[in-house]
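Structure, as structure tokens:
6 protein chains.
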Amino acid sequence: MPTPNSPPQPTADSDAEQAGLWAQIKAEARRDADAEPALASYLYSTILSHSSLERSLAFHLGNKLCSSTLLSTLLYDLFLDTFSNDAELRAATVADLRAARLRDPACVSFSHCLLNYKGFLAIQAHRVAHKLWSESRKPLALALQSRISDVFAVDIHPAATIGKGVLFDHATGVVVGETAVIGNNVSILHHVTLGGTGKAGGDRHPKIGDGVLIGAGATILGNVMIGEGAKIGAGSVVLINVPPRTTAVGNPARLMGGKDHPSQHKDVPGESMDHTSFMSQWSDYII
Amino acid sequence: MPTPNSPPQPTADSDAEQAGLWAQIKAEARRDADAEPALASYLYSTILSHSSLERSLAFHLGNKLCSSTLLSTLLYDLFLDTFSNDAELRAATVADLRAARLRDPACVSFSHCLLNYKGFLAIQAHRVAHKLWSESRKPLALALQSRISDVFAVDIHPAATIGKGVLFDHATGVVVGETAVIGNNVSILHHVTLGGTGKAGGDRHPKIGDGVLIGAGATILGNVMIGEGAKIGAGSVVLINVPPRTTAVGNPARLMGGKDHPSQHKDVPGESMDHTSFMSQWSDYII
Amino acid sequence: MPTPNSPPQPTADSDAEQAGLWAQIKAEARRDADAEPALASYLYSTILSHSSLERSLAFHLGNKLCSSTLLSTLLYDLFLDTFSNDAELRAATVADLRAARLRDPACVSFSHCLLNYKGFLAIQAHRVAHKLWSESRKPLALALQSRISDVFAVDIHPAATIGKGVLFDHATGVVVGETAVIGNNVSILHHVTLGGTGKAGGDRHPKIGDGVLIGAGATILGNVMIGEGAKIGAGSVVLINVPPRTTAVGNPARLMGGKDHPSQHKDVPGESMDHTSFMSQWSDYII
Amino acid sequence: MPTPNSPPQPTADSDAEQAGLWAQIKAEARRDADAEPALASYLYSTILSHSSLERSLAFHLGNKLCSSTLLSTLLYDLFLDTFSNDAELRAATVADLRAARLRDPACVSFSHCLLNYKGFLAIQAHRVAHKLWSESRKPLALALQSRISDVFAVDIHPAATIGKGVLFDHATGVVVGETAVIGNNVSILHHVTLGGTGKAGGDRHPKIGDGVLIGAGATILGNVMIGEGAKIGAGSVVLINVPPRTTAVGNPARLMGGKDHPSQHKDVPGESMDHTSFMSQWSDYII
Amino acid sequence: MPTPNSPPQPTADSDAEQAGLWAQIKAEARRDADAEPALASYLYSTILSHSSLERSLAFHLGNKLCSSTLLSTLLYDLFLDTFSNDAELRAATVADLRAARLRDPACVSFSHCLLNYKGFLAIQAHRVAHKLWSESRKPLALALQSRISDVFAVDIHPAATIGKGVLFDHATGVVVGETAVIGNNVSILHHVTLGGTGKAGGDRHPKIGDGVLIGAGATILGNVMIGEGAKIGAGSVVLINVPPRTTAVGNPARLMGGKDHPSQHKDVPGESMDHTSFMSQWSDYII
Amino acid sequence: MPTPNSPPQPTADSDAEQAGLWAQIKAEARRDADAEPALASYLYSTILSHSSLERSLAFHLGNKLCSSTLLSTLLYDLFLDTFSNDAELRAATVADLRAARLRDPACVSFSHCLLNYKGFLAIQAHRVAHKLWSESRKPLALALQSRISDVFAVDIHPAATIGKGVLFDHATGVVVGETAVIGNNVSILHHVTLGGTGKAGGDRHPKIGDGVLIGAGATILGNVMIGEGAKIGAGSVVLINVPPRTTAVGNPARLMGGKDHPSQHKDVPGESMDHTSFMSQWSDYII
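Residue numbers (UniProt numbering), protein chains in the order written: chain A, 1 to 287; chain B, 1 to 287; chain C, 1 to 287; chain D, 1 to 287; chain E, 1 to 287; chain F, 1 to 287.
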């Protein structure tokens, strides 16, 4: 069962780690500003003028998510206050940055992810909305959800729980429902839905175990469990539990290797990002 | 056959109903403003400073959809003028708000839907574009369509006809083609396509009967009829008529119960929002 | 193999063609401005005040893609400078406008496409990002990619190569990976993914031949070849090469006519936009 | 004594006059838009897209005076509502436009004044603030005053009364205190102060009779009466009543012709705009 | 000699005083928001959503002074950080608010001054610029000066020293030079210049003693001393020292009562705001 | 007689001079950006990202003077096009920058003037408006005048002629009429008026000779000649010719030394900026 927030305890270590990462981000931005004067203003305003990662992130999110009726200064204040007072959130940010850098070969630097990855930014803004939700500041949390959905086309209910080291790659169209839980080290591609089952309330959305990989366009509906290290193929439609370390593909989804004795893999797909190794077992005989 | 706009006749009753709903929306917003000062400015500017639902909606849409070349004042004027002069549109807005509140367990209040639901907002803006289209003000209607697609990632051709009590849940990525017709009390999830069949013009898009439910990511192509009360499973690809009160699932879609004697349900899926009850018949034997 | 940029040689002819098209666009805009005063300001600022197509396009993209940290004047300058100095880019713009006008029955005029088609605008902005990438101005190219993804929900890696006469219809949710290549005269619907296979770098994305048509929601993963004139059905998941002039449908995709002797069509689907003629062979027997 | 608002009674005549003026303004704007495409967008958005002078003025003022915390839509609504419901205000606007056109040789057209004269715009916005003040909506009136002072550098207390046919030429730096009254057909140059006398409340500001001309930089302090048709020289400091049709100049001001038998002129300086005819009597013997 | 900053020592008392004033400001704003829904959004965003006077002021100044190249979030951060870390600045803000409320009969509430008085806002922003200057952050201080001059038409060199309890009434056009010093409890009307004497650097601007009143449009040039409690008449041009508690009027200025035995008053003009009591001695015999 | 534009002939020399000055401006901005990260974004966007002084200036003016109805991209284009095609304008810009740097002891660097001096910026924008006027593009020229007056509180009629090496110090409130001519190397303080004489058209504004200094708040009215090297004291009101190299002070102005044998100075006051040396002759005996 995913328990994404179980052993947090961010300590001096994680603060030191954050400081190191921030130094690296600034070095990257400085190198880019020197090489590309047309981008220097952007890099200074978003990164190089700030004294910490949380200030940079609060500034960037405030300016991205603001509207004519929700001013950037208000959002900046809200983000900065929340990140500054919650070491857990800061540690999750660091883990998410590392996840993108490690798993996405198109991610050329930490600063690239911090500035340009809508999935990363949507998750960080969601973490703030989630905290507001847990403090019963629901209307503000829902307003944030709406802005994230407008700006990034990523729709995460503020009640949903998201672990650390999570990557939403490309991210456009991701929908995560109210009672969904996403474990640690999960990778989710764009157009993925973790949806509900109807108009009744209650626990009705998927639970995604640690290390799961969910391919582009997959739809997972209902209070089902995707076991740790499982892999869901692109375009799959899943309505039933998927055992750990197995692969489900197709619409309707079937388990690779068969329902009774599904194949099990050793790697952690959420980290290895292997989307297509089941190809030989699955599609080859079809086309 | 869907005849979404057939017996409208909004009367004093519907005006009274609208006034009652508006009073409730203001009460909700006042409660939220009192509880959350950080959001009060947003709630006053969007709801509490307005004297009617149509003024609030025109203001909110004008500020959401404006750009540097299409000013908020121009759009506000256009929306306000259209809503004020068309009781039918106002009645449809009320029905859509009630639909979201009843069918979506994540919808905690009418004001939540009014402010934050991009599907609701996209539909209301579309209704104005549709009216402009029907008055041969096509370039303006198309400019509105483009802004709705940019801002909400919902792309509805202004010629498309949409009934009342319609819910676009999450809404990101919905595409509705020029000759599509959507009946009353329909619920459509995100990433749904009601698309055409090629480069020839003419009547080439789906007709969606009253009370239909279309799951996330479903693609319906061509001038096909989805019978009233039918249900289209998430991720389905449908290119042929679906009989009333039946369920089509899969890619390519098949009818639950078989082509010749499909199972028929009693409920109205567009209202009951039952996405997954066919699961036992369909996926269980697969995974 | 798609070689989209091979025989470019834009000459005086293409300049003359561009001038003719531009005259037509201005005539359309003037007609619309006369008919609809509410839109005239928009049409003058975006089209009628400009002396050339590239100035109009640079202005429109600069205003669409700007943010509080990437100013419109900077982007305008960048777009104008790039378009002005690259006749190839200008010729591709013309070809893309013609493609939309010819293939999309909902496209009522060239000016409609120029102003309102997010797919068209995303491709033009991508061409500039691609040029920056090829000149090793990678951080700026990636910042542009991010803005295109935020504003149009179209995510094209700046390294991806796109031919001429390409139509992204509706466009929301399209994702094109780093090593993808798209040939000439290709039509791609919304929610289409040309994705990679994992966390390893290298050549890992699809190659789309000339004249291919890819239906809504199709997902193509890995360094596979979609042969010229092939057709990929809506919602298909493709992980293996598809031969020229064949049709692949389903999840997992199968070839129409069977793996060994697939049916071959004569038309160029990317131009004919025939999404559904395979219906009789495929879905009919199912529903 | 100036009684600027005494016999208003705007009738069908003034409505007809307004309609005629509006037709002329549109004709001017159309001519300019045709001649200068770079300005056409501006002219369409501010004038040519509107159906009446009050809509154009409300739009222009709303966009000029808005800020990030006072949105243009809110101000537009307020201005449009006030102008639409008060024929007196509309008649005053017409009179002010005619005043500028007749008296200022640099005023080349009515549209030039409507769009570009900060004095004209400040007075029209003040008329709305004044109406709000008289309806005891004081905080809103004061917020408007502040925006007018920020944007136009013209500071008019909303309680001050201003007649019709008033010209604030150049206007920068004009200050008009709470209990000041300005008659009809008055012309006031920039940097003019109609100020108070101390920290006590009550009636403490100047009363300016009909047809008065006040030169640039003149300072008039206290509850003094500037008689009808009087002329106050540029840079004068006036603290005592000035009789009708006389001229006061200097710091401290003295009456031309002497205190006991001041020279009297026949013309109406507020309309003739004769700033300097006293020169021969005054400065010549000095320099 | 004015030593405006000599015995500051803001203590718990001044913090308590600030808290009391802040409570009163919020009460005023709440009353106004209840009475005027159209203004409530403005009042919530600027005052009612904030937890302290310095946060409200930093927010308001950040939004007023921002531009497309100096973002509101950056300015907000700068103002908030400076006010939060300097009790002296906060005490001066409180004293300035009290000065406006006491001395200006048109100032109906503290919130009115906080939101709407450009003189008050310019002085508070200057205090931050002055602190930056004193910390050798001169380019940033000068950029602030420029924004203050653009937005409020008040041009105060960041090196100038300004005491507490200072009122710039109306404020448009005030210019204060680099080496000027303004004492405590000074009142300065609009268009007042405290200017230099030429192109040589060094100490070259006026020193204004405690309790001085300077009338509208007065120009004081050079390193001259305006003695404590002196009064400078409107429109005066002063180039020589003015003794304490005397009145200088005219252009060129002369001392009331004569150079050798000038009249002396008992009151503190900067507090009593008596602009015109010398009238009987001065102008009466002229007009 | 001032003939400010007579022998222009900007040659390779002036281009070289401009290049040198631009290099110095960039060096200053780089130094400031290094010292003050909070300002670096501003300095990169306004100066360091640009390849020439005219691009930097066009960018800065476009962003300063834009409004919601006159977009920054349009203005940028207009300014850049005009500066790029007129070497005379570029040479005048350089001369004005040097004038500010030499004459104003508060001007610490060229970049300080370029970014922050509203007088400098107003003059450069006026030069473009003046060129438009001379090309009969009057409505656009007048729209620019209006924006300059709104944003900088400097109101210069586009027909007015301004020489090179001109400094408007502080600049707020300067008004320059339609037929005014300002020679080379003139210095004008804030609140100065070069005004007309009535409602008749024709040549009706002052002619200011080379090297003239006009003090703060001086008002010069009518078609009078201020001879080369003359000095007009602060607050003076001048309605008659002033001979070369003499000093006029007071309201009404008198010549120092008397009307018949006025004192003559040797220096060029517009360059020496000596505002107050006449003090000993003038004010001392008064106070």
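All C-beta atoms in this analysis are idealised placements derived from N, C-alpha and C, irrespective of residue type, glycine included.
Predicted model only: the values in this text are computed from it and were never measured.
For residue j and residue i, the rounded distance between their alpha carbons
i	j	result
E/G198	F/H265	15 Å
E/A91	A/I148	40 Å
C/D267	C/R245	8 Å
F/G62	B/K207	50 Å
F/L239	E/G177	29 Å
F/N223	F/R204	5 Å
C/S263	D/S45	56 Å
F/K259	F/D169	29 Å
F/K26	D/N251	48 Å
A/G217	B/A171	15 Å
F/M273	F/G209	15 Å
B/L97	B/C113	7 Å
C-beta neighbour in chain A for residue i, strict 9 Å
i	result
C/K118	no
Neighbour flag for residue i against chain F, beta carbons, 9 Å
i	result
C/D77	yes
CB contact below 9 Å: residue i versus chain C
i	result
B/R127	no
A/A58	no
E/T246	no
E/S146	no
Residue i classed as buried or exposed, judged by whether at least 16 other C-beta atoms fall within 10 angstroms
i	result
D/D81	exposed
B/G270	buried
E/G195	buried
F/A100	buried
B/S134	exposed
F/D155	buried
F/A129	buried
C/N85	exposed
Below-9 Å beta-carbon distance, residue i vs any chain B residue
i	result
C/N184	no
A/P269	no
Any chain D beta carbon closer than 9 Å to residue i
i	result
B/T73	yes
A/S45	no
F/A230	no
Closest by C-alpha distance to residue i, when choosing among the options
i	options	result
B/L167	B/Q24, B/S136, B/W22 and B/A95	B/A95
D/L255	D/A129, D/G233, D/M273 and D/S272	D/G233
B/V174	C/G183, C/A159, C/A153 and C/N184	C/A153
Bridge-paired residues (DSSP) for residue i
i	result
D/F168	D/I188
B/R254	B/V249
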